[in-house]
Amino acid sequence: MIYFDNSATTWPKPDRVYRGIYEFMKKYGANPGRSGYDMAQKSSRVIYECRELIADMFGISDCSSVIFTKNTTEALNIIIKGILKPGDHVITTSMEHNSVLRPLDKLSHNGVKFDIVNGDVNGYVNPDDIKNKINPYTKLIIVNHVSNVCGTVQDIQQIGDIAHKNGVLFAVDCAQSGGVVDISRNADFFALAGHKGLYGPMGTGILCINCKYKLGCLTEGGTGSYSTHLEQPDELPDKYESGTLNAPGIAGLCEGIKYVRIHGIDQIRHHEAMLTKYFMEGLGNIKGITIYGPRDIKRQTGVVAFNKSGYDCVTLSQMLNDKFKIASRAGYHCAYTAHRTIGSGDGGAVRFSFGNFNTKDEVAKALMAVNLL
Amino acid sequence: MKFVLIVFSSLTTANKIKSELEKRYSIKSKVIQTPKNIPVKSCSYCVKVLESDMSKAWNMVKSLDVYTKGVFGEKDFKKII
């Protein structure tokens, strides 16, 4: 089987991730943060080590501001619902995933107003278009860093500068960029997936808080601290981490981050860029292929959306699986407005997304398969 | 050997202090649950260090600007700082 669905979740994981999870569960799988015995403390040290690694990788000065969530969606919901109140205005883009647009839609029924700034046909959003939408009620600008549909990398440095010059909070959805491209340090909040470019297991997400703003929290409950107080503690990370953490998952994530550090984000990106360029060039030689998005490896990650004339994308993806054992993802990828932006709104597209374990030989086989169909 | 307990509300903060003590001064410490005899009411965690390391540890806690409930004796549970 050839796996090209790394934007959904990277696979395989590095061996050290499997080992990390197994060892955690086998040797010290106690509940971290609930007791003082040695095994519980050892467990809590793994969680702490992972916090420190994340803080170091993403430039967060205090690792208490690294919050573990179950996925990027939960982190984004905490940001969006923890900031916006009736009467507030928020700006976002047409390249967002539903993990941003659906919470905003829900809040819009309760007095929050939002503007969606359109990207161009390659998915790029003009930062000036965002600037032009700012009004006195604008509280938040929230943008997708890297498109899960076509890999477009937004200029979040410039958008962040615009936000801060106008006294607006800036949040970035880094689900597809964490561990894949360098993340600008000027975001107030960013949401990450542990199981994609950081090579951890599914069920791990991260919220990084990079400012003093006090977000509201979505979930109250036991934190192992302040137990005599009925109100939720204000201290980080406890405020946002009620209930038992996915400690085995975080142990695996810890090892995934170590893997990324050893290989280096630049090196991983270089490898994925080589595969992406090779794939796009190959697709360009196949009759009836339409590639969507940037087609510029310097401005995109290892994600390629395409269609082949005569096939609907789901059928094409299924045939790649059935005849050639190639795993891809077809449809709208939970980002319909992004598809509409790049021209694949009528039916979606097949998406190939590459990871550090993919090889040029696998890409060559995929090109042959697409050509034969 | 005499030990003191530096008490924190958050386990993450306690772990941070443990890590920083080791990184900065090679001071070994241990994170434990705060004994109920220490008058801090709620569930919390503390970093257990040798009394001889107390002033270094306390200065570091202050420099990191983290919330602490103070330093207590391990045996008599009396507040020292």
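Sequence order for the protein chains is A and B. For the record, in the first sequence the residue sitting at position 233 is 921 according to the numbering used here, with numbers rising by one throughout. For the record, in the second sequence the residue sitting at position 68 is 79 according to the numbering used here, with numbers rising by one throughout. Ideal Cβ placement from N, Cα and C applies to all residues, glycine included.
{"Query": "Residue 56 of chain B in three-state terms, based on DSSP", "Result": "strand"}
{"Query": "Spatial distance of residue 799 of chain A from residue 772 of chain A (CA atoms)", "Result": "10 Å"}
{"Query": "Extent of the continuous beta strand (DSSP E) run through residue 803 of chain A", "Result": "801-805"}
{"Query": "CB contact flag (residue 830 of chain A, residue 779 of chain A, <9 Å)", "Result": "yes"}
{"Query": "Three-pair Cβ contact test at 8 Å for the stretch 923-933 of chain A versus the stretch 970-977 of chain A", "Result": "no"}
{"Query": "Beta-carbon neighbours of residue 32 of chain B, restricted to chain A and to distances below 9 Å", "Result": "Neighbours of residue 32 of chain B on chain A: none; closest Cβ ~13 Å, over 9 Å."}
{"Query": "Cβ neighbours of residue 48 of chain B in the same chain (closer than 6 Å, five flanking residues each side left out)", "Result": "88"}
{"Query": "CB contact check: residue 1144 of chain A to chain B, cutoff 9 Å", "Result": "Any property of residue 1144 of chain A remains undetermined from this structure, which presents chain A solely from 689 to 1061."}
{"Query": "C-beta contact flag for residue 956 of chain A and residue 882 of chain A at 9 Å", "Result": "no"}
{"Query": "Under 8 Å by beta carbon: chain B residues contacting residue 732 of chain A", "Result": "22, 26, 42"}
{"Query": "DSSP beta-bridge partners of residue 777 of chain A", "Result": "A/801, A/826"}
{"Query": "Identified DSSP bridge partners for residue 1036 of chain A", "Result": "Residue 1036 of chain A pairs with nothing; no bridge assigned."}
{"Query": "C-beta contact flag for residue 1016 of chain A and residue 1008 of chain A at 9 Å", "Result": "yes"}
{"Query": "Reduced DSSP secondary structure (H/G/I, E/B, other) of residue 988 of chain A", "Result": "strand"}
{"Query": "Stretch-stretch touch, CB-based, cutoff 8 Å, three pairs: the stretch 979-995 of chain A with the stretch 824-838 of chain A", "Result": "yes"}
{"Query": "Backbone CA spacing between residue 63 of chain B and residue 860 of chain A [nearest angstrom]", "Result": "46 Å"}
{"Query": "Within chain B, the residues that residue 915 of chain A reaches when beta carbons sit closer than 8 Å", "Result": "53, 54"}
{"Query": "Pair within 9 Å by beta-carbon distance, residue 86 of chain B and residue 18 of chain B", "Result": "no"}
{"Query": "9 Å Cβ cutoff met for residue 12 of chain B and residue 36 of chain B", "Result": "no"}
{"Query": "Residues that DSSP places opposite residue 1017 of chain A in a beta bridge", "Result": "A/1039"}
{"Query": "Distance CB(residue 694 of chain A)-CB(residue 1031 of chain A) smaller than 9 Å", "Result": "no"}
{"Query": "Whole-angstrom C-beta distance between residue 742 of chain A and residue 871 of chain A, which should lie under 8 Å", "Result": "That pair is no contact at about 11 Å."}
{"Query": "Burial state of residue 765 of chain A, where buried means 16 or more other Cβ atoms lie within 10 Å", "Result": "buried"}
{"Query": "Under 7 Å by beta carbon: chain B residues contacting residue 866 of chain A", "Result": "What residue 866 of chain A touches in chain B: nothing, since even the nearest Cβ is about 21 Å away."}
{"Query": "Same chain only: Cβ atoms within 8 Å of residue 981 of chain A, ignoring 5 sequence neighbours per side", "Result": "810, 811, 835, 837, 838, 839, 840, 988, 991, 992, 993, 1030"}
{"Query": "Cutoff 9 Å: residue 923 of chain A Cβ touching any chain B Cβ", "Result": "yes"}
{"Query": "Through-space distance from residue 1006 of chain A to residue 853 of chain A, alpha-carbon basis", "Result": "48 Å"}
{"Query": "Amino acids of chain A, ordered along the chain, whose beta-carbon sits closer than 7 Å to that of residue 78 of chain B", "Result": "923"}
{"Query": "Interface partners of residue 751 of chain A on chain B, CB under 7 Å", "Result": "27"}
{"Query": "Simplified DSSP assignment, three categories, for residue 973 of chain A", "Result": "coil"}
{"Query": "Minimum C-alpha distance to residue 1037 of chain A - residue among A/1022, A/756, A/1046", "Result": "A/1022"}
{"Query": "From A/977, A/802, A/1010, residue whose alpha carbon lies closest to that of residue 768 of chain A", "Result": "A/802"}
{"Query": "Interface flag, residue 1028 of chain A vs chain B, CB-CB below 9 Å", "Result": "no"}
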